[in-house]
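Numbering (our numbering), first residue to last: 611 to 989.
Each residue gets a CB set at the ideal place from its N, CA and C atoms; glycine is no exception.
Have a look at the structure below before the remarks.
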């Protein structure tokens, strides 16, 4: 009990040192397989934030104690070893990777048990491939783990499965152009769905209908860097489709979208500027890996607005929108004229009643006054 309290106290007092620019540049060089002098850190501001956040989370918890010794250099060496094995297309298996790392001066077997080395490998993969691999801080708790029986390539491929192909006739239901107004701005306006940024690539376009939130993977520029890497860890088709979804939902030519990003992201771009231009009309059938999530979002987008606020702003069907507002106008005028008629009728009734009272008072006065008193009898 006392030991736990001491450990907790030490963690609270532990100071966190932000990774230096040179360390991040060296790591990005290994991750993207490019020379260090070609890494422009300002283009990876979003990734630097993610990288720092992971190290900060580790420093505040027990995980860093279990992973010691661990530095940026350890991460770089692990990724470079995986790259070396995978460069010629060979499969990378974890037992073979461990044996290779134990031969490195940074990973002596005396201070790197199988479990400790596995944890370091998983952390390196999490930082490199932006997937929730054994992630105790995953936002949706959808943590995944690599084992000793599956190659790294197969493990990653399983995270991005293509949907089962339907018959040619049924496949035609996806053969339509996604409209230009299918953007994040319109999704928020018409469907009441808010954006939740995620740092896990596999969570991209995960829609929560109950909370009305859509997860969007924000590090577009970094993933595009992985696409240009010398080795293909995440399938290029997956990244290409991801870029298309971002170009569709966040068009760079739309001023309202750019205003939204500036407001929500403030000083950080999160890679939303994107290195790829808008590719032109997109068919839903162009997507395979992200089709299910994209079609779910589009179906939600096409539903009637869930609230009156969204209904007032919904101009997707111009005729329907004008019909709605014409009906609102008619109802409004009917209510106004009804109120005016009610007020007029009330006033008329009031005036008639007052006239009746005056007439009765005059009649009563006439009966109460004798002829002599009234000067009507001649003497």
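Beta carbon of residue i, beta carbon of residue j: below 8 Å?
i: residue 898; j: residue 772; result: yes
i: residue 829; j: residue 740; result: yes
i: residue 722; j: residue 712; result: yes
i: residue 852; j: residue 826; result: no
i: residue 812; j: residue 763; result: no
i: residue 804; j: residue 819; result: no
i: residue 646; j: residue 636; result: yes
i: residue 997; j: residue 707; result: Given a span of 611 to 989 for the chain in the structure shown, any question on residue 997 remains unanswerable.
i: residue 900; j: residue 815; result: yes
i: residue 785; j: residue 893; result: yes
i: residue 855; j: residue 795; result: no
i: residue 730; j: residue 680; result: yes
Report the rounded CA-to-CA distance for residue i versus residue j, giving the unit in angstroms.
i: residue 629; j: residue 859; result: 33 Å
i: residue 865; j: residue 891; result: 19 Å
i: residue 908; j: residue 792; result: 8 Å
i: residue 945; j: residue 959; result: 21 Å
i: residue 904; j: residue 720; result: 49 Å
i: residue 670; j: residue 939; result: 60 Å
i: residue 841; j: residue 699; result: 8 Å
i: residue 714; j: residue 684; result: 10 Å
i: residue 802; j: residue 957; result: 46 Å
i: residue 885; j: residue 937; result: Because the pLDDT at residue 885 is just 46, under 50, the model does not fix this residue reliably, and the point stays unresolved.
i: residue 912; j: residue 870; result: 22 Å
i: residue 632; j: residue 725; result: 30 Å
i: residue 661; j: residue 910; result: 34 Å
i: residue 848; j: residue 896; result: 12 Å
i: residue 659; j: residue 861; result: 24 Å
i: residue 972; j: residue 953; result: 29 Å
i: residue 949; j: residue 967; result: 27 Å
i: residue 961; j: residue 943; result: 27 Å
i: residue 790; j: residue 955; result: 54 Å
Can you look up residue i in the DSSP assignment and give me helix, strand or coil?
i: residue 628; result: coil
i: residue 643; result: coil
i: residue 818; result: strand
i: residue 973; result: helix
i: residue 760; result: coil
i: residue 754; result: strand
i: residue 782; result: helix
i: residue 793; result: coil
i: residue 804; result: strand
i: residue 827; result: strand
i: residue 689; result: helix
i: residue 787; result: strand
If I measure Cβ to Cβ from residue i and keep anything under 7 Å in the same chain, skipping five residues before and after, which residues do I get?
i: residue 765; result: 756
i: residue 846; result: 837
i: residue 638; result: 649 and 654
Shorter than 7 Å, the distance from the beta carbon of residue i to the closest heavy atom of the ligand COA, or not?
i: residue 710; result: Among the components of this structure there are no ligands whatsoever, and the ligand COA is therefore not found.
Might you give, ordered along the chain, the residues of its own chain that have their beta carbon closer than 8 Å to the beta carbon of residue i, omitting 5 neighbours on each side?
i: residue 761; result: 701, 702 and 703
i: residue 642; result: 649, 835, 836, 838 and 839
i: residue 736; result: 664, 742, 743, 744 and 745
i: residue 718; result: 712
i: residue 963; result: none
Suppose the cutoff is 6 Å on Cβ atoms and the five residues either side in sequence are ignored; what does the same chain contact list for residue i look like?
i: residue 817; result: 824, 906 and 907
i: residue 657; result: 829 and 832
i: residue 734; result: 685, 688 and 689
Inside the stretch 719-743 only - alpha helix (DSSP H) runs reaching at least 4 residues: 724-739
What are the complete alpha helix (DSSP H) segments, minimum 4 residues, inside the stretch 832-881? 846-859 and 865-875
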